[in-house]
Every structure is written in C-alpha cells, then in structure tokens.
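To keep things clear, I will list the structure first and then write my remarks on it.
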Amino acid sequence: MASFEFSDEDLKVFFEETEELLQAMEDDLIGLEKGDEVEARLASIFRAAHTIKGSSATVGFTAMATLTHSMENVLDRLRKGQTNVSTAIVNHLFTAMDVLRKLTADAAAGRESNEDTSPVLGLLEMDLEEDASAAPAEATVPPAGAATAVAVTAAPSAEAVVVAATPPWAGLDLDEFEKQALQDGCARGDTLLGVRVEFHPEAAMLSVRSYQVYLHLEEKGRLVATRPTLSEMEQEKSGAVLTAFLFTLEDPKVLAGEIENIGDVRLALVEPVGPDGLFRAESPVLTPSAPAAVSTAGTAVSVGAATPAVVAAPRPTGVPAARSEAPAARSVPPAASAESGASAKAGMRTVRVDVELLDNLMNLVGELVIDRTRLAQSMGLLDKAVDSQDSDVTRELAEATAHVGRITTQLQEEIMRARMLPVETLFKKFPRMVRDLAQKCGKQVELIIEGQDTELDRGVIEEIGDPIMHLLRNSVDHGIEPPVARASAGKPPVGMVRLSASHLENHILITVEDDGKGIDVEGVKSAAVRKGLVASELAARMSTQEALQLIFVSGVSTAEKVSEVSGRGVGMDVVRRNVEKLNASIEMDTTVGVGTRITIKLPLTLAIIRALMVQAGSGTYAIPMASVVETLIVAPEELKTIHGAEVIVNRGQVLPVHRLTRLFADTCGGDPRALVIVSVGGRKSGLLVDKLLGDQEVVVKNLGLFLGSIPGLSGATILGGGEVALIIDVQSLLSPHAAMTAREELIA
Amino acid sequence: MPKKVLIVDDAQFMRLRTAKLLRENGYEVVEAENGEVAVNQFEAHGPDVVLMDITMPIMDGLAAVKAIRGKHPHARIVMCSALGQQAVVLEAIKAGARDFLVKPFDPDKILAALQKQVS
Chain B
1 MASFEFSDED LKVFFEETEE LLQAMEDDLI GLEKGDEVEA RLASIFRAAH TIKGSSATVG
61 FTAMATLTHS MENVLDRLRK GQTNVSTAIV NHLFTAMDVL RKLTADAAAG RESNEDTSPV
121 LGLLEMDLEE DASAAPAEAT VPPAGAATAV AVTAAPSAEA VVVAATPPWA GLDLDEFEKQ
181 ALQDGCARGD TLLGVRVEFH PEAAMLSVRS YQVYLHLEEK GRLVATRPTL SEMEQEKSGA
241 VLTAFLFTLE DPKVLAGEIE NIGDVRLALV EPVGPDGLFR AESPVLTPSA PAAVSTAGTA
301 VSVGAATPAV VAAPRPTGVP AARSEAPAAR SVPPAASAES GASAKAGMRT VRVDVELLDN
361 LMNLVGELVI DRTRLAQSMG LLDKAVDSQD SDVTRELAEA TAHVGRITTQ LQEEIMRARM
421 LPVETLFKKF PRMVRDLAQK CGKQVELIIE GQDTELDRGV IEEIGDPIMH LLRNSVDHGI
481 EPPVARASAG KPPVGMVRLS ASHLENHILI TVEDDGKGID VEGVKSAAVR KGLVASELAA
541 RMSTQEALQL IFVSGVSTAE KVSEVSGRGV GMDVVRRNVE KLNASIEMDT TVGVGTRITI
601 KLPLTLAIIR ALMVQAGSGT YAIPMASVVE TLIVAPEELK TIHGAEVIVN RGQVLPVHRL
661 TRLFADTCGG DPRALVIVSV GGRKSGLLVD KLLGDQEVVV KNLGLFLGSI PGLSGATILG
721 GGEVALIIDV QSLLSPHAAM TAREELIA
Chain H
1 MPKKVLIVDD AQFMRLRTAK LLRENGYEVV EAENGEVAVN QFEAHGPDVV LMDITMPIMD
61 GLAAVKAIRG KHPHARIVMC SALGQQAVVL EAIKAGARDF LVKPFDPDKI LAALQKQVS
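Protein chains in written order, with the numbering used here: chain B, 1 to 748; chain H, 1 to 119.
Listed below in structure tokens is the structure:
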C-alpha cells in the first residue's frame, strides 16, 4: 500500500487541527457532564474523536487512532442511549483525552511516546462491557481499527477457490417464492443468468459492496434471488461471496465486466443457467480473451473447459499496481497547474503566519515609529533653519514626512491587530481546570465565561494566563463554600464563578468574580500581623482597600489549612508580580458573605506604550501614562518635610514625594520643578522631576540579559534623537511596601 | 478539461492531503468543510465527482448526498467512510452515492475510485 508523504507543513496542520478538536472535545465533555445539550454535545465529541481517528490513522499515529476508535465506541453507545452518561464515563473520556493530548504533544515534538494507552483503553473497554447484554453485537467491536476489516471477512481466498470449482448457484438454498419465480420466468423463455461475485478477502464493508452489486443487477433486469439477501446486507451480514439469479437480456460478458468495475470485486462470473439453477447446455461460447484471464486468476480454472464461464478481467490481489497507476497517469491534463491555481485562490482567504514573523514585524514597525518621531523633529529644525525662498522644498518634504508618519501609524495599528488574539484562546482551558478543582474540593461550581471575543495582544495573553489561573483557584478553593455551608447561608448549592473580559478605552478589563464567602478583611490583617509583616497599630488603622493590598504580599493567607490546591499564600504574590510586569493594575472588591471581585486592567499591547517623558538630572525617563494621574509645577516652598520624608499637599491630601534623581542615585543634582502624581494600587504619590517633556508613544525594548530585571525599571526606549530613555515601572518603584513605610513614618 | 473534484471533509488536514494528491494528479479541486457548504459548492462549481466525508458538523455526509442527489440525480458521489460506518455507507449508496472509500486512505485507491467515476 502506497502511503502519503507528509511535509512538515502538513503535519503542522494536523497538529493544530487536532489541538483544536481536543479543545472542542474538552468543552463538550464539560457541557455533557452538566447535562447541557447532551445530544448535540455527544454528536460533537463523537465527530471530534472520529476526525482525529481518521487523520491520525492516515499519518500513521496508530496509538492515537486506536484510542480514538475506542472512545468512538463508547461515545456511540452513549449517543444511541445504550449507556447512560455517568461521571465515571465522563472521567474516563477525560482521561482518554489527556492521554491523546500527550500522544499528540509527543508526536508533535517528534519523539517516541512512552505514554501507555492500555490502562485507558481498559477503562473504555469496561464502559463498553457495562450493559453489554443490552447490545452484545455493539460491545464486541475490537479496539484496533485495522483488525476489524479482517474479522468481517468471511471467506479467505483458498476457500473461495474451492467453492468456485463447483457451480455455485446449484446448491443455493432458494425459498419457495424464489423457486416459483425462477420456474415462471424460464417457462416464459426468459434468459436466466447466474452470477457469482467474489470480493477481495481483505476488503472492508462487504455489505455495501454486495449492495452495490445488487443495485447494479437490479438495474439490468429482473433480479430473482441474491445471497446474501437484501435484508442480510442491511444487517451487515455479507461475506466475501455474492451469488444471484437474474432474468435479463444483457450480454453476460458485458455484465461481468460491469460488475468487475465495482470496487473490491476480485472475480465476477456470469453465465446462463437453467431453472434448476444448473448450467444450460447451450452456454455461450467462451470469448478468446477469457482463457488467459482465467489462467491468471487461478481461481476459476476448474470451471473452465466443461462449463465455459465468462471471467471478466480478474484482479488477483497480488497485482493491483498496473490498474491503479494507469488512471493517474492518464488523467494529467495539460493545463493542470493553471487550473489548480485558480481554484486555490477561491478557497483561501486566510494564511497561517509564524508568531516569530509577527514579532519581527512588530519590532520593525517599532523602529519605524522611532524614525517617524525623529523625522518630525528634524523637520521642525529644518523649517526654522531654511530661508523662506526654499519653502517649496520644505513644504514638499514636510508633506512627505507627514504622509510617512500617517502610514507608519496605520501600519503599526494593522500589525498590532494582526497580533491580537481573542482571549478565548486563553479562557478555553479554564472550564476543565475549574471542573477538576471543584471535584477535588468537593464543591459545586459553575464557571461563567463572558467576553471571549475580546482581543488582546498575544504577548499579553501569554503572560496573563497564570494570574487568572491563580485567581480562579482562589475563588473555587477559598471563595466558594461547600454545598452544605452554602445551603445554610441561604445560597444556591452551586457556586458561581464568573470570568469576563471587556474593553475599556485603551485597556482590557479581566474580571474574576465569585459569589462565595468573600474575604475577611480583619482576618487578613491579623494574618499579616501574625507573620510580622505589619505592626498591629498600623493594621488597626488600615482602610479596607489598604488591608486588601496585604493579600498580595507574599506569605499572607487566611486559609486555615494548606490544601492541595492553594492556601500557601504565594499565589496572590505571583499574581501581583505578573500583573505588574504587564503594566497592568489590579483591583479588589469584596463583601463578606456575598463574594469577591478582582479586576485586572491590562494594556492592549506590551510593545508600544504611551508615556510621559520627563527630564530628571542627567537622564530622560518615560513614565507610563497608565499610572500618571496629573502633573504639577511646584515651587520649592510647597514641599514640606515630615520626619525626614518629603510630602506635598495636593487637593487636600498629603502625598509622599520622591525625587526621581534620588531613587536612581543620580548625583547630577538638577533643578526639580515638576511633580508627576502617579497612582499605585489606588494610592497616590508624587515623583519630583526637573522638566516635563510631553507625552509620546514609546517602543518598549528589553533591558537585555546583561542588565536583567532592575526594580523600578521596566525597559528602555529609543527617542527620536537617538538617545535612550529608561521606562519607569511605577509599581515596583513605589511598591506598597515602600509606600506603607512612608505612611507608617508619617503616622508615627 | 481537467476533471473537477469537490472534497468534503470537516478535517482540514484530510482536505489538504487529498487536495494535494488530486492536484498532483491533474484534478481541479474545490473544498467544503461540511455538508451544507458542499451543497452550495456543488451548485456553484458543478464538480465531476464529490468525495464526501460522513461524520461532519452542521450537515453530515448522508444528508448532503440526499440534498445533492435530490437536485442532481446524476451527481457522482464517493463516500469517504471509516470502518464501522457500513450502515451509513449503505444508506448513502441507497441515496445514490456511487462508491465509497475506507479510511485510512490509500492514495492509489482514491485515484482509482475517482478514475472509475470520471471515465
């Protein structure tokens, strides 16, 4: 058997498609378990398993094909209502899916999989055996796909030869009705043909093949009897041989040729017979070409001389090549390439692009954005320097510059759009996680997902997954109460966790909300005091918002005991770190007994941010606009010092003030006149700088491996003039810790 | 004139494979990812042969055969089936499908089955 050759591109499509199907399967399994649209879901899971089976068998991933075949058997029984959907079966299907995922991952990585499929095959087999008595025939389908074909085949070729040696139709067990029809027809003088068809022993779906022969014969005359009968074919009880009687005026040789043209037919014998089912004396003459055919077939030789049979181009199993190659060669038309090109155009509107290519494009466009700024600045200088008589040239240049600027902006927007992915790609993995978690914790949880179509830069999506996972874990493990506790609190036993994404101006809001027991603010405070993170007097004076910020400090957990799932007090710390890395902010809202809502406010992209450019000492800095509240020009006397810490009174609030030069140990001095009010976790502080340079879009560049991650800095950018400006990470620069210390000093 | 084949399969991978094979062998290819699209594509392109998958979302292969044959009694449709789908294939043949193939596909068999339909 010839096989397809697969390029890496083909396999990539296979793996991507399989991954999509597995995801769909997972979603449907979760829905299935909830009892939600059971029929449609079963059909969809079945289809997914079926498609994976077909594709993986084609590629030659036998383990995947075998496993999906097994799943299909179980699903088929569920679909037909022969087995009920139980938690056990759903769990088995989940397990099977996980094994499939691993097999896919191993295959995709090009490594030999050491995944053992036998345990899960055993589980699925077990599911099939349950209620086996109800439908024994269905349950005994062997798991290995290829093996079925052989099992179906009744007559191996050796046996077929023996049968063919005696007139096959003579011993046919006809019923009274059939015998009567034969006699009546012969009495009228109609020509009766006996037909014997042998199929390739390894051929699949012999009932369909038999039916195709049946259809053909029926079309050609009056079909009196067939073995197998039509109902046997419909019950899928056909073997490798079909015999039939037919009143017809067709030429036996032509008819044999036609039958032979039906797939998997190895041999077709058609000859006139008498009403008793025996050959008639006046048999047609054997055609000159036939003897050769008979001898190559080797099966009908004994019929040969005594009873001339028409043997139509027998196709012994050994030599299929000549036949199958010929049509391929013959069918090549001269204009093949042009035609296929045209049809390909019609079918494709999307292309798959490597992520790396998108990243490169984004980088290049980032450079363009820098140059755009540079060009604009140079234009400004040129405008001033050049005499008015040259103004035509300048105007021309100015127009071109402006145009390049606009195009660059558009290009940047388009590329950013190309990098956007719906958050669905991320959210889709959560239903399964929440389900498993709820099962482990003994809780009932419904996860509601909203705004899946909301699009985010793929860089952001990669980074935000872990924080969301932590938040969901917390909601299920700590937020949602066990069913009994919920019932006694007058809540529905099934807890609700809502994960949603939405647009808000230039930001994406991701919200994780639950209707659980809420966060006990006093509990958080005392835990923080117990761990020595906050002084008890300070804790007592903290506002709710401030106390909630403590949750993000490593080591604070109010969970009484550490569970398998969470409660070690590290989760929220990780959440905060990851969220900060993204230039995002996090807000928390909780009511004891009612629930908790956590909102993450994300920038649309990580690659380009809007920033306020400031001058401080010898450096130029970029402060992300996301954290800027307002800017002030301050006179030195407006700054007050309380216990060695500088503060300013702004709109009736006392705000701590930090000199940027001091924070970065810049000894250049400078002349601080401007104050940038920034907000961190809802708390405002002032950053004292020399000069405000205006706001602009900056392309974020990593500081690189040499510098690594520096607290207070999130990266650098190149300005229009070519100089480098450092991008300030306000959150880590003025972490709640630092702010709290300042406040502590203040209060003390 | 190259013969036109409509490949109907919800698995993109299978369509891709088959399309490549057929183009290499001089066929013109049109694709559809489910039965409903197949019915429309049939109307739009009038293919010489349809390679029809059975298990598909929205409209399965059997329904598509019925829909196509209902309007075009001479449509040549070859079912692409898997082992265990004998009953459906039988139904499809009854509904007018000409032939069937069993997955995993052997390229030679696909070409032979198509050749049989177009010659």
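All residues carry an ideal CB built from backbone N, CA and C; glycine is no exception.
Take the alpha-carbon of T226/B and the one of A244/B: they are about 4 Å apart.
In this structure, the beta-carbon distance from A64/H to G35/H falls below 7 Å.
DSSP, reduced to helix, strand and coil, places A725/B within a strand of the structure shown. Contact between L242/B and V270/B is ruled out by a C-beta separation of about 12 Å, above the 8 Å threshold. Of all residues in the stretch 75 to 106 of chain H, only M79, C80, S81, A82, L83, G84, Q85, Q86, A87, V89, L90, A92, I93, K94, R98, D99, F100, L101, V102, K103, P104, F105, D106 place a beta-carbon less than 9 Å from a beta-carbon of chain B.
A distance below 7 Å separates the beta carbons of L6/H and P47/H.
The C-beta distance from A48/B to L21/B rounds to 4 Å, short enough to fall under 8 Å. Inter-residue distance for K691/B and N360/B is about 35 Å (C-alpha atoms, whole angstroms).
Annotation: Cβ neighbours of D10/B in chain H (cutoff 9 Å, chain order): F13, L16, R17, K20. In the structure shown, the three-state DSSP call for D515/B is coil.
Excluding sequence positions up to five before and after M420/B, its CB lies within less than 7 Å of the CB of E455, L456, D457, all in the same chain and listed in chain order. Pairing I262/B with P57/H, the inter-Cα distance amounts to about 30 Å. Within chain B, no C-beta atom comes nearer than 7 Å to that of P73/H; the closest sits roughly 14 Å away. Per the DSSP secondary-structure output, K691/B pairs in a beta bridge with Q615/B. Cβ atoms of S81/H and K103/H come within 8 Å of each other, at about 7 Å. If you check the CB distance, C441/B and D466/B do not come in under 7 Å.
Excluding the 5 residues flanking it on each side, S679/B has same chain C-beta neighbours closer than 7 Å at S627, V629, in chain order. Only residues of its own chain outside the window of five on either side were considered, and among them D28, G31, L32 have a CB closer than 7 Å to the CB of R41/B, listed in chain order. Using beta-carbon distances, F61/B does not count as an interface residue toward chain H, since no partner is under 7 Å.
If you check each beta-carbon in the stretch 33 to 51 of chain H against every beta-carbon of chain B, none falls closer than 8 Å. Taking a 10 Å sphere around the C-beta of M1/H, we find fewer than 16 other C-beta atoms and assign the residue as exposed. Around the C-beta of E580/B, 16 or more other C-beta atoms lie within 10 Å, and the residue is accordingly described as buried. About 7 Å separates the Cβ atoms of I52/B and M64/B, confirming a contact at the 8 Å cut-off.
DSSP places L632/B inside the beta strand (DSSP E), whose first and last residues are 628 to 633. Counted as a single uninterrupted DSSP element, the beta strand (DSSP E) harbouring H503/B occupies residues 495 to 504. Listed along chain H is no residue with a C-beta nearer than 8 Å to that of K428/B; the closest approach is about 18 Å.
DSSP, read as helix, strand or coil, puts N363/B in helix.
For chain H, the residues of the stretch 202 to 213 of chain B that bring a beta carbon within less than 7 Å of one of its beta carbons are A204, M205, S207, V208, Y211, Q212, in chain order. At a cut-off of 7 Å between C-beta atoms, R47/B counts as an interface residue with respect to chain H. In the three-state scheme derived from DSSP, where H, G and I count as helix and E and B as strand, H72/H is classed as coil.
For P482/B, the three-state secondary structure derived from DSSP is coil. With the rule of 3 Cβ pairs closer than 8 Å, the stretch 180 to 187 of chain B does not count as touching the stretch 232 to 239 of chain B. In this chain, the alpha helix (DSSP H) harbouring N91/B covers 87 to 108.
Counting only the Cα atoms, L255/B lies some 20 Å from I93/H. The beta-carbon of F14/B is placed less than 7 Å from the nearest beta-carbon of chain H. At a cut-off of 7 Å between C-beta atoms, A256/B does not count as an interface residue with respect to chain H.
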